[in-house]
Amino acid sequence: EIFIYGDGKTSRDFCYIDNVVQVNILAACSKNKDALGEVFNVAYGDRTSLNNLFKEIETNLIKLTNKQKFPKPNYVDFRAGDVRHSLADISKAKNLLGYNPKFSLKSGLKEATKWYVDNMSKI
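Structure below.
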């Protein structure tokens, strides 16, 4: 079963793991003295609703599995204290480290979905 908390319009700045690796390598190898000892937001820099995230995952799964029907999400109550919308400010990482995320949500999900489909039988 698939659960979405709230109405699915809640949004987040989802980030593919390779972007996280990228910015960590940039930080570890930086010669910029202004970057030393600093804390950086790591994200893509764009908001995506939970409904759009679901649709993107569903689209990728349809392409990879040739199944045309997937379960629809069940909308349940909002979680207490959940933030409605969030968007990371990655300008500091861009300015001090030269961070430019290589994977959008769409391209990252394409990679991740393929990996999960290829490896689910091994898990």
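Numbering (our numbering), first residue to last: 29 to 151.
Where is the CB? At the ideal position from N, CA and C, for every residue including glycine.
query: Find the nearest neighbour of LYS122 within the set THR93, ILE90, VAL70 and LYS134, judged by alpha-carbon distance.; result: VAL70
query: For TYR103, which residues does DSSP report across the bridge?; result: ILE32
query: In three-state terms, what does DSSP make of THR38?; result: coil
query: Going by DSSP in three states, SER77 sits in which element: helix, strand or coil?; result: strand
query: For LEU124, collect the residues of the same chain with a Cβ closer than 8 Å to its Cβ; drop the 5 residues on either side in sequence, then sort them by chain order.; result: SER58, ASN60, ASP62, ALA63, GLU66 and PHE68
query: Are there 16 or more other CB atoms within 10 angstroms of the CB of GLN96, so buried, or fewer, so exposed?; result: exposed
query: Let me confirm a value: PRO129 is counted as buried when at least 16 other C-beta atoms fall within 10 Å, else exposed. Which label applies?; result: buried
query: Output yes or no for whether 8 Å exceeds the beta carbon distance between LEU89 and THR141.; result: yes
query: Pairs of beta-carbons, one from the stretch 37-52 and one from the stretch 102-115, closer than 8 Å: are there three or more?; result: yes
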